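Novice: Take this structure first; my questions come after.
2 protein chains.
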Amino acid sequence: MPALKKFIFTTAELPDSAIHTLTTLSNGFISIRGVPELTETSTGTFIAGVYCDTPLFYRELVNLPRVVSLYVRLDGVPLVPSEEVFTLDALRGIVEYKAKLVARGGYLEYTGVRLVHAKRKEVVALRGKLVSRGVRGRLTLDLPVELNTCNPSVPENICVKLYRVVEKSADSQAVRVKVVSADQRYSVEFAAGAKSSRAALQAYAAGERVGFAGEVEVEDGSVVTVEKLVAASTAGEAASVLNAALNMDFNQLAASHSEEWERRWRELGLEAEGDEEFVDALYLNTFHLLQMYNSELPFFALPARGFHGHGYRGHVFWDTEIYALPFYLILKPEASRKILMYRCALLNAARYNAERNGCRGAQFPWESADDGFEATPREIPLDLRGERKVVIRTGELEHHITADVAYAVWLYHRYTGDDEFISQCGLALLIETARFWASRFEYDSSKGKYVIRRVIGPDEYHVGVDNSFYTNLLAAFNLQLAASYSRQAGDQPEGREVLSQLNVTDSEVREWERIAENVFLPRGADGVWEEFEGYLSLEDYTLPEGCIGEACVPEDVLARVEKTRLVKQADVVAGLFLLRHLFSREELSRNYEFYKRRTTHASSLSIPMYAGLAAYIGKLEEASALLRTAMLADLKNIYANTGDGFHVGSAGGAWTALLFGFLRLEENRGKLTVAPVLPPYLRRLRLTVNFRGKRYLLEVDGKRASIKELS
Amino acid sequence: MPALKKFIFTTAELPDSAIHTLTTLSNGFISIRGVPELTETSTGTFIAGVYCDTPLFYRELVNLPRVVSLYVRLDGVPLVPSEEVFTLDALRGIVEYKAKLVARGGYLEYTGVRLVHAKRKEVVALRGKLVSRGVRGRLTLDLPVELNTCNPSVPENICVKLYRVVEKSADSQAVRVKVVSADQRYSVEFAAGAKSSRAALQAYAAGERVGFAGEVEVEDGSVVTVEKLVAASTAGEAASVLNAALNMDFNQLAASHSEEWERRWRELGLEAEGDEEFVDALYLNTFHLLQMYNSELPFFALPARGFHGHGYRGHVFWDTEIYALPFYLILKPEASRKILMYRCALLNAARYNAERNGCRGAQFPWESADDGFEATPREIPLDLRGERKVVIRTGELEHHITADVAYAVWLYHRYTGDDEFISQCGLALLIETARFWASRFEYDSSKGKYVIRRVIGPDEYHVGVDNSFYTNLLAAFNLQLAASYSRQAGDQPEGREVLSQLNVTDSEVREWERIAENVFLPRGADGVWEEFEGYLSLEDYTLPEGCIGEACVPEDVLARVEKTRLVKQADVVAGLFLLRHLFSREELSRNYEFYKRRTTHASSLSIPMYAGLAAYIGKLEEASALLRTAMLADLKNIYANTGDGFHVGSAGGAWTALLFGFLRLEENRGKLTVAPVLPPYLRRLRLTVNFRGKRYLLEVDGKRASIKELS
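Chains as they are written, first to last, in this note's numbering: chain H, 57 to 767; chain G, 57 to 767.
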C-alpha cells in the first residue's frame, strides 16, 4: 500500500475552481466536482456518455441535476461557509470538507464526507456533521436534488440547460426525478433518500427542487448528523438501487467503497519515495486517472479534461490515445482496451467523416463526443454579440488524430499481446485508417514523393501547412502497420475473415507499403527535421532558457507567431519520441536541442513529450525538471486552468515520460525490457507492470533496479 | 372615476405566463412581471433603458435581479402555492395574489399585495399575509433579492446573464446590491428592507442572494404579516431612497400610490359602459399603456411588448409611433412628445444607419434598442446546434419605419400644435428622414417615376419587393412633410436656424417635392392599389370569412405563401387608413374589400387597422367585431403569446381605431372635429380629449354625442 497521505487543499493556496477539479470524485459512471455541498452552484453531475446537442460545441457532456447539496439555516437565515478545508483521501476515494458556519453566538463546525461509490456505480453518498460552538437556535437542514443546473457556454454569461425534467415526486422514503436530455437521446433517473440523527426530515417537491428538509434545535455543543444517499440510473433502476442502498448506512457504504479503493492501490503496487510534492502529484494524478475508468461500461470515452469540468466539453482528443493510454496500458491494461473500444464503437462515424471530406477509409474527428462525428467548435465568440470571434480550424485540418489511433492499436498490441482485440477490431482500425491516409496522400512528381497538403500538426501556431513532419511520419507508420498486420492476418482464419470482410487485396497492401516507403519528410540541414515544409525559412526566434508558456514571448512576436519558427508544443519532438525506435540517438538529440529553444509549451501536452525524450536520450537533469512540471501541472495549477478540469494529457503524459523515458520499458521481440533511471528527486519507485497477461513487480532505487514476475 | 372593477385571473382561464404579463406592474422606471412572490423563477426586474449587448438580438433589456420573492417553509420544508388567484386592481395600480400553501394539518392562506410606486419611481413594495388554517409549526420566511436571474434566449434552453454583481452587503437595516450590465454601460443599485408582524427578520448575504429571513411559530388561526421594501437606482441613490421609504409603512406607500393612480384615471375622464369583456379590455389596455409612461425620464422608449416580457427583447418598432402614439397623443400628450424625443435622442445613430446603407439623411432601424442602431436579429436558430435557422431580413429591408417616424411627427404637431417641438427636433426629423428617402428613391425613366426597389412592406410574406405601396406612399408623404415644414420654417427665426444648421436649400426642398409628386404607386384594375409591383400577377387565394391567423390557410398554400396574394397584415389598408384624407371613400372601400379576403392577420398589428378603416368607411358591424378582437387580444390571449409581453401595438391600435375610426377625431384647419359612432356593444363612452393644449370632455352614447371644453 502506498504511503499515500491525504491531500489537503485550501483556498489560500489554490483558486476555488482548481480545488473543485482536484476534489472531483468519479466512478466512471457518475462524476461530481468538489463544489462544497453547502454552497449554491450551477455545477451538477456528469453521467458518462450522456451528451447533448449544444451551441458552438456540437455535443457536450450534460450538466445534470446537482445531487450533493446540503444547505443550512439558523433561525431561518441561510448560513455561509468560511475557512473551508478540502481533503481528498485518495487512498480511500473519499472527499472530506470542513468549514465554519459563523452565526450568532459562535459558529457551527461542519464536516462533510462524500463518495461516489467505486463498486455500486449508481450510488453517491454524503454524510454531514454539524457541531455547535456557542450557537443556539433552530437549524434548518435542506438536502435537495436541484433541477436548475445548466452548461456554462461562451461567453461565460451564457448557460444552456441541456435537460428537461419529465417526472418529479416525493414520498416519505424517497424523492425521485427523471430527466431527458434536450435532444431526447438520453434519460437519467435520480432517486434520493436522507436521514438525520436528530432532525425529522421530510420529503418535498417544490419548483426546481426535490429533496428532504427538516429542523432541529441546537445548543452549544450539540451534534447533528445527516446522511444523504442518491442513486442515478440510465436504465430506469434508480429507485431499486436506492432501496438497496438505503438498507446500508453511510459507514457500510464507505467501508465497501474504501475496500475497493485499497484493493486498487494494492493492485497497482505503486510506491514512491522522494520529493514530497512530486510524489503527491504522482499519487494524485494516478488517483484521478484510475477513478475515471469504469469496467462495467463497454468502452472508456475519456475526455481531455476528464469528468472534472466543462473544459473541452467532455470531448475526446489525441490526449487519450497518445498521452493517457500508456498509463492504463502498463498499470490497468483492461482500461486501455476499452479506450480503443471507444474508437471501435465509432468506426462507422469515422467512415462517414472520411467520405464527407472526400477521402476513403475512416477519419477520426479531432474532437469526438458520443457519436464520433467532428465535434470541434468552428468559432468561439469573444463578446456577447458574437461580433468578434476566434476561428478554430483544427476540426477541419488537424488530421493526425487518425494516425494516433492506429499508433495506439500497435502500442496496445505490443504490450498486451491481445490478438483477440486485433481480430475483433484492431485490424479493422488499422486498415480503415490506412485507407484514409492512402487517399489523403498525393503523389508529388516533382519530389517523387507522397505529400500531404494543408494540415495542422500538433503545433497549432502554423495552420494549413504542407507536409507536417509529425503528420506524415505517423501517417506513414499507420500505413506500414496496416500493411504488416494485414500480411500477418493472412496467416490466421480470424484475420483472413477481417481482410475478406473489408475487401483488402494484396495490391492494396502493396500500395500502402509503396506510399509509406515514399512519404516526404521535410528535412533541413544539420539533421534537423523541418516541422513542416518551409518551416526553416521562417523568421527564427529562440526563447530564453526555462521559459514555459507564451508569457516570455514579446507581444509583437506573438502577434506574428505563425511567421516565426516558434512552435506551441512538442511536434517533431513528439513524433520522434513516439517512434524513437526509428531514429538514431544522435538524431533525437539534435532535434530535441533545436526545438526546445523554439517551443513555448503553451499546451500542457508539450512538456511530457520533452520530458520523455530528454530522459530517453540521457539528459536526466533537464528531463527531471520537465517531468516535475508535467506531473505537478494540476496540483500546482501551473497552466492556471485546472479549474476547467483535470489535465488528462498532462497527467497521463507525465506517466508516459516516466514509463518510456525514465524507466525505459520496451517491448522487444515479445519480451519486456527495462533500463530505469530515476529523477534525482525520487529515491525509490515501485510499481506493478502488466505485460502480455503477466504482472511484474518493478522496483527501482538510486542504486539498483529489479523486475520480477508476480505469481 | 371609471367603474373599474378588479381584474381577477386564474390559471384555469389563462396560461400562467399570460397572467404574469397581465399582472405586470410598471412605473416606467421599474417593471416587474406578475410572477408570484412565492415561486422560484428566473424572471427578475426591468429598469427602463437598461439594455445590454446580447447574443442574436444585438442589445436587449437586462433581466435584473428579482426583488419581490417571499419564500415560505414550514418546519424547514419549502411550501408550494396552489389555487392561485391573481387580482389586478387597475384603478389603484395594485396586484393582489392569493394562494394556498398546503402543509401538514391544513394550509396557510397567503395574500400578497404588491406595487411599483407610481410617484416614488425607485420604490417597490410588497406586503404578504399568512393565516394558518390548521397548520402548527415553525414558519421560515425568506425575502431575498436574487442575483441569479438571466435573459432567456433562443432556443429556450439558453439563458444569458447580462449583469455582474459588483457589491453585496447586509446590515441590520438593509441589504444592498450593486450590479453592472455585462457590457459595463449601466449600473443599478438595489437596497431592500423588510419587517414582519411577528418574526424577527435578520439580514443576510449568501451566495447569489441577499435578503431577510426569520422564523415564527404558528398555531391554527395565527396571522403573520411581512413587508418588503425595495429601492432601485441608476443614480447611486438606492440606499437613501430606501431610507426615506422605510420611514413609511406599506399602507402609507400604498395610499400615495393609489392616490396617484386615481388622479390619473380622473385625468383621463374615461368611462365606458356596455359589453363587459370589451369594457374590461379597454380599461386593462389603458392601464398598461398608462403605467409604462414615466414623466421623469427625458424620453419614452416604448418597446413593442412593453416592459411586460422578453418578447422582441425590449426593442422599439413602428408599433410605437403608428399604433401606440395616438392613444397618448389624445389622452396623455406629454407622453407622445417623449415617444418622439426617443427618436430625437437617436437621430445621430439613424444618420449612421443611413450612411452605412449608402444613403443620406437618417434611417431609423427596424428594431431599435437603447442606442438606435439596427437591432433586428439576422437569424434565429431552431435547434441547439444552430444548424437550422430562420433568416430574418426585416432589419435589412423593412424601411418604412423611417417614414412612420415622420408621420408621427406630423400627427403629433397637428393635434398638439407644439411648435417648440418642431423647431427643437421635429423639423430635423422630417428633414433628415426626407433626405434618406430622397437618396433611397431611384428615378425609373421607363416609368417616368421614382421607385424604391427591394424592400419589405408591412406584409412580411413578400420579401425584397419593388415599389411597396405602403412604403412608397409614406415615403412620398415624408418628403412632402419635409418640404412643407421647411417652407413654413423659413418664416420664423427658430425654423430658419434649423434649416441653416442642416444646410437645407431651396433646391433641395424642390427636389423633395419633385420626387414626392412623381412617386410610383403600383395600381391594378378596378381601383385596387397593388400591394407592390407585380403583386396582382401572383396566384390568388381568398380566405374564408372571419378567418384570423394562419390556421385557416392550407399548409401547402402557406408553404408557398410568398407566391400568392395572401398578405400577413394590413399593408395597403394600413397606408390608406393613415392617410385617409388623401383617398376617396370609394377607393378606401374597394381596397378594404379586396384585401380583407386576402389577409391572414397573422400579426396582431393587422386587425386594428382593419377595424379603424372599416369604421371610418361606415362598415360598423364589421368594424365593431374587428375592434373587439383587437381590444381583447391580451385579455383573451388571442394570439396565444401574451405570455411574451403586452401587445402594445394591439392595445394602442385598438385605441387608434376607436379614436380615428369610430369617434372620427380629426384635426381640420386647427380645429378638432368629431363624428362619433360607437360599436353596438358599447352603450356609452366618455373621455377627456387633449387638443392643442386644451382639454375637451367627449361623451357619446347610442343617441347623441357631445364635446365640451374643460376649464
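Beta carbons: idealized from backbone N, C-alpha and C, even for Gly.
Since we're looking at a predicted model, the values are computed, not measured.
(1) Round the Cβ separation of K19 of chain H and I86 of chain H to the nearest angstrom and send it over; I've been treating them as touching at under 8 Å.
(2) V272 of chain G and A259 of chain G: beta carbons closer than 7 Å?
(3) Run down chain G in chain order and give the residues with a C-beta less than 9 Å from the C-beta of K217 of chain H.
(4) Tell me, please, whether the region 115 to 123 of chain G touches the region 209 to 227 of chain G by the rule of three or more beta-carbon pairs shorter than 8 Å.
(5) Determine the contact status of R416 of chain H and R320 of chain H, defining contact as a CB-CB distance below 7 Å.
(6) Return the Cβ separation of H657 of chain G and G605 of chain G in integer angstroms, given the expectation that the two are a contact with Cβ distance under 8 Å.
(7) Quick one: what's N207 of chain G bridged to in DSSP?
(8) If we count Cβ pairs, one from each stretch, closer than 8 Å, do we get three or more for the region 461 to 468 of chain G versus the region 381 to 399 of chain G?
(9) To which residues of the same chain is V446 of chain H closer than 7 Å at the C-beta, ignoring the five residues directly before and after it?
(10) If you drop the 5 nearest sequence neighbours on each side, which residues of the same chain put their C-beta closer than 6 Å to that of L257 of chain H?
(11) For D198 of chain H, report the span of its beta strand (DSSP E) as first-last.
(12) Could you tell me the distance, in whole angstroms, from the CA atom of H173 of chain G to the CA atom of N299 of chain G?
(13) Please work out which residues of its chain come closer than 7 Å, Cβ to Cβ, to E69 of chain H, disregarding the five sequence neighbours upstream and downstream, and give them in chain order.
(14) Hey, Y127 of chain G and P134 of chain G are a contact pair by Cβ (cut 8 Å); roughly how many whole angstroms apart?
(15) I'd like to know whether the C-beta atoms of L529 of chain H and G631 of chain H end up nearer to each other than 7 Å.
(16) Touch check for the region 69 to 84 of chain G and the region 699 to 715 of chain G: three-plus C-beta pairs under 8 Å?
(17) Determine the burial state of G168 of chain G: buried for a count of at least 16 other Cβ atoms within 10 Å of its Cβ, exposed for fewer.
(18) Please name the residue, chosen from G:M348, G:F356, G:P732, that lies closest to Y672 of chain G on a Cα-to-Cα basis.
(19) Note the first and the last residue of the continuous alpha helix (DSSP H) segment covering E705 of chain H.
(20) At which residues does the alpha helix (DSSP H) containing I673 of chain G begin and terminate?
(21) List the endpoints of the continuous beta strand (DSSP E) containing C400 of chain H.
(22) Measuring straight from C-alpha to C-alpha, what distance separates A686 of chain H and W374 of chain H?
(23) P111 of chain G touches chain H at which residues, Cβ-Cβ below 8 Å?
(24) To the nearest angstrom, report how far apart V519 of chain H and E589 of chain H are at their CA atoms.
(25) Rounded C-beta distance between G714 of chain G and L683 of chain G? I'm assuming under 8 Å.
(26) Are A294 of chain H and E223 of chain H close, meaning C-beta to C-beta below 7 Å?
(27) For P200 of chain H versus S253 of chain H, is the C-beta distance shorter than 7 Å?
(28) Check for me: the alpha helix (DSSP H) holding Q625 of chain G runs from which residue to which?
(29) Helix, strand or coil for P664 of chain H per DSSP?
(30) Use the C-beta contact count for T79 of chain G: other C-beta atoms within 10 angstroms, 16 or more gives buried, fewer gives exposed.
(31) From the DSSP output, in three-state form, read off R646 of chain H for me.
(32) Is DSSP giving S73 of chain H helix, strand or coil here?
(33) Excluding the 5 residues flanking G105 of chain H on each side, which residues of the same chain have their C-beta closer than 7 Å to its C-beta?
(34) Does the beta-carbon distance from Y737 of chain H to V745 of chain H come in below 7 Å?
(35) Give the secondary structure of R232 of chain G by DSSP, where H, G and I count as helix, E and B as strand, and everything else as coil.
(36) Per DSSP, L81 of chain H forms a beta bridge with which residues?
Specialist: Once the coordinates are examined:
(1) The structure shown has nothing for residue 19 of chain H, since chain H only spans 57 to 767.
(2) A259 of chain G is positioned such that its CB atom lies no closer than 7 Å to that of V272 of chain G.
(3) By Cβ distance, chain G contributes E212, N213, I214, C215.
(4) With a cut-off of 8 Å on Cβ pairs, the region 115 to 123 of chain G is in contact with the region 209 to 227 of chain G, counting three or more such pairs.
(5) In this structure, R320 of chain H does not lie closer than 7 Å to R416 of chain H by Cβ.
(6) Right, the Cβ-Cβ distance comes to about 6 Å (below 8 Å), so this counts as a contact.
(7) According to DSSP, which records beta bridges pairwise, N207 of chain G is partnered with G:V216.
(8) Put simply, the region 461 to 468 of chain G touches the region 381 to 399 of chain G. At least three CB pairs are less than 8 Å apart.
(9) Around V446 of chain H, the same chain offers E435, I436, L438 as residues with beta carbons nearer than 7 Å, after the five sequence neighbours per side are excluded.
(10) Hits under 6 Å: A250, F268, G270.
(11) Annotation for D198 of chain H: the continuous beta strand (DSSP E) segment containing it runs 193 to 202.
(12) Roughly 15 Å between the two C-alpha positions.
(13) So the list is empty, once near-sequence residues are dropped.
(14) Contact holds; Cβ gap of about 7 Å.
(15) Yes, these two residues count as a Cβ contact at 7 Å.
(16) In short, these stretches touch, since the Cβ pair count reaches three.
(17) Its Cβ being crowded by 16 or more others within 10 Å, G168 of chain G is buried.
(18) The closest CA to that of Y672 of chain G, considering only G:M348, G:F356, G:P732, is found on G:P732.
(19) Note on identity: in this sequence residue 705 of chain H is Gly, with Glu being the wrong assignment. Segment 704 to 712, the alpha helix (DSSP H) holding G705 of chain H.
(20) It is not in any alpha helix (DSSP H) - I673 of chain G carries neither H nor E in the DSSP assignment.
(21) Segment 389 to 401 is the alpha helix (DSSP H) holding C400 of chain H; no beta strand (DSSP E) there.
(22) Straight-line Cα distance between these residues: approximately 17 Å.
(23) Going along chain H in sequence order, the residues near P111 of chain G (Cβ under 8 Å) are I214, P437, L440, R441, G442.
(24) Between the C-alpha atoms of V519 of chain H and E589 of chain H there is a straight-line separation of about 12 Å.
(25) The sequence given here has Leu at residue 714 of chain G, not Gly. Between the beta-carbon of L714 of chain G and that of L683 of chain G there is about 7 Å, and that keeps the pair under the 8 Å contact cut.
(26) No. Outside cutoff.
(27) Cβ distance not < 7 Å, so P200 of chain H and S253 of chain H don't count as in contact.
(28) First-last for Q625 of chain G: undefined, no H or E at that position.
(29) If DSSP states are grouped into helix, strand and coil, P664 of chain H belongs with the helices.
(30) Classification for T79 of chain G: buried.
(31) Correct three-state label for R646 of chain H: helix.
(32) S73 of chain H falls in the helix class under three-state DSSP.
(33) A distance below 7 Å between beta-carbons, with the five flanking residues on each side excluded, links G105 of chain H to the following residues of its chain, in chain order: A357, D426.
(34) For Y737 of chain H and V745 of chain H, no; Cβs fall outside 7 Å.
(35) Strand, per DSSP.
(36) Beta-bridge pairing links L81 of chain H to H:I88.
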